[in-house]
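Chemist: With mature numbering (1 follows the signal peptide of the UniProt record, and there is no 0) as the guide, the letters of the sequence shown map in order to residues -21 to -1, 1 to 319.
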Amino acid sequence: MRKALLASGAALMLFTQGAQAQERKLVISVYGFAQDAFKTILYDPFEAKCGCKVVVETGNSVERLAKLEANKGNPVIDMAVVSTADALAASRAGLIAPIDVTKLSNYDKLYDIAKDPIGGHLSVGYTFYATSIVYRADKVTINSWNDLFSKELAGRVAFPNVTTNQGPPTLYMVGKAMGQNTPDLKAPIAKVAEHKDDFVTFYVRSSQLVQLMQQEEIWAAPIGRFAWDGFAKMNFPIKWASPKEGQTGGMNVMMLVKGAKNKDLALEFMDYWLSTEIQTKLAERLVDSPSNKEVKLPPAIADNLTYGDDIVKTLDLQPADAILDNRDNWLSQWNAKVGQ
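1) Rounded to the nearest angstrom, how far is the Cβ of Val9 from that of Val35, given a contact under 8 angstroms?
2) When DSSP labels each residue in this structure, what does Met58 get in the three-state scheme?
3) On the three-state DSSP scale, how would you describe Thr120?
4) Please state the DSSP three-state secondary structure of Asn314.
5) In three-state terms, what does DSSP make of Glu173?
6) Measuring straight from C-alpha to C-alpha, what distance separates Glu263 and Lys316?
7) From the DSSP secondary-structure annotation, give me the bridge partner or partners of residue 348.
8) In chain order, what residues of the same chain lie with their CB nearer than 7 angstroms to the CB of Gln297, ignoring the 5 residues before and after it?
9) So, helix, strand or coil for Ala(-1), using DSSP?
10) For residue 397 and Arg204, which I take to be in contact (beta-carbon distance under 8 angstroms), what is that distance rounded to the nearest angstrom?
11) Would you report the Cα separation of Phe210 and Ala116, rounded to the nearest angstrom?
12) Have a look at Val236, Ala76, Ala93 and Met192 and flag the residue whose alpha-carbon is nearest the alpha-carbon of Phe107.
13) Grab me the residues of Ala59's own chain with a C-beta within less than 6 angstroms of its C-beta, minus the 5 sequence neighbours each way, in chain order.
14) Go through its chain and collect everything with a Cβ distance to Asp304's Cβ below 8 angstroms, but skip five positions before and after it.
15) Looking only at its chain, what residues have a beta carbon closer than 6 angstroms to the beta carbon of Ser40, apart from the 5 residues adjacent to it on each side?
16) Report the CB separation of Met230 from Met213 in whole angstroms; it is logged as a contact under 8 angstroms.
17) Using the Cβ count rule (16 or more neighbours within 10 Å means buried), how would you classify Ala200?
18) In the structure shown, what three-state DSSP assignment does Lys51 receive?
19) Taking one C-beta from the segment 171 to 178 and one from the segment 125 to 134 each time, how about it: are there three or more such pairs within less than 8 angstroms?
20) Within a Cβ cutoff of 6 angstroms, which residues of the same chain sit near Pro167, ignoring the five residues on either side of it in sequence?
21) Taking Val136 as the reference, give the member of Ser84, Ile97, Val189 and Lys165 with the closest Cα.
22) Hey, how far is the Cα of Asp57 from the Cα of Gly11?
23) Quick check on the DSSP output: the alpha helix (DSSP H) that includes Met234 runs from which residue to which?
24) Please state if the CB of Val141 and the CB of Trp313 are separated by a distance shorter than 7 angstroms.
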């Protein structure tokens, strides 16, 4: 009897060790916002589907890219999500590997701009947002990015600081409106400097703008679409501009870490995230604008997102290399000409 018990205990131990050895674990690096929604909509269902464990690491882009660099020789993260410019930086540092898009069953459902944002199939876009101008329609009409400098709006505009996510895209479109669309943004920064006394503030947080608009201190401001909801609820006739030069914005992408220990699982997770079902649920919670063009949303939700063929076709996104190669120069010019 004792021998039988010992044998069965040894067998149980071997079984447990084997099960532990076979347990799959996916480590992902993501932005810290909306994690409760992501857990409910994405992480938990994927764990149930794959029979694996999803380990989530959060932080800002600088911190997360630094961790990838620090563990370059022995990666501890399998996949990460960042902006297109940060993805290009990771590529140049040799931190990411090409994505085998033939293993993504939802790849063909994506808008074209999301399929290969930085080239070489080194990333896939999972969400994007438009940047345009929100304005008081009863006070002014905005048909061009140049209208931010009109006499009618002098002393009534909040302009994004160059250090914000909305700063460079806004300058990019101002340059386009001027016919001076160069990556150094020299012309638009000079124009802002020329009119700097006409701006109420150079804002650093979009949350500032709702209060300024509510108090009627401003009539217009360039914003990202994700900030639209606060303006839409006001008792003023607020509109989202469709400038003749188009709209710009930004995109967040998925990337596969070079040497990832769970490459196949990472690709499976990417595909799940890009599915019509998951992209729809995240959009319905106003977490992300969908890069999957099969997602169908009611107007009440769509109006708060960057959604639909018509809007996506108008997006003129800054090239990732232009952003990455010129950031320091933009800041230097801004500090010298516009100040803080």
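Idealized CB from N, CA, C, for every residue including glycine. From a predicted model like this one, the values you see are computed outputs, not experimental measurements.
Modeler: A quick look at the data gives this:
1) 6 angstroms
2) strand
3) Coil.
4) Looking at Asn314 - three-state DSSP - the assignment turns out to be helix.
5) If DSSP states are grouped into helix, strand and coil, Glu173 belongs with the helices.
6) Put simply, the backbone Cα of Glu263 is about 43 angstroms away from that of Lys316.
7) In the structure as shown, the chain starts at -21 and stops at 319, and residue 348 therefore has no counterpart that could be examined.
8) Pro147, Pro148, Tyr151 and Thr227
9) Note on Ala(-1): pLDDT 43, under 50, position unreliable in the model; the coordinate value appears next. Note: Ala(-1) maps to helix in three-state DSSP.
10) This structure leaves residue 397 out entirely; the chain is present only between -21 and 319.
11) Approximately 12 angstroms between the Cα atoms of the pair.
12) Ala93
13) Ser8 and Met234
14) Pro162
15) Val61 and Asp65
16) Actually they do not touch by this definition, with Cβ atoms about 28 angstroms apart.
17) buried
18) coil
19) By the C-beta criterion, the segment 171 to 178 is judged to be in contact with the segment 125 to 134, since at least 3 inter-stretch pairs fall below 8 angstroms.
20) Leu150, Val153 and Gly154
21) Just measuring C-alpha positions, the residue of Ser84, Ile97, Val189 and Lys165 sitting nearest Val136 is Val189.
22) 17 angstroms
23) Not the alpha helix (DSSP H): Met234 falls in the beta strand (DSSP E), residues Thr227 to Val236.
24) yes
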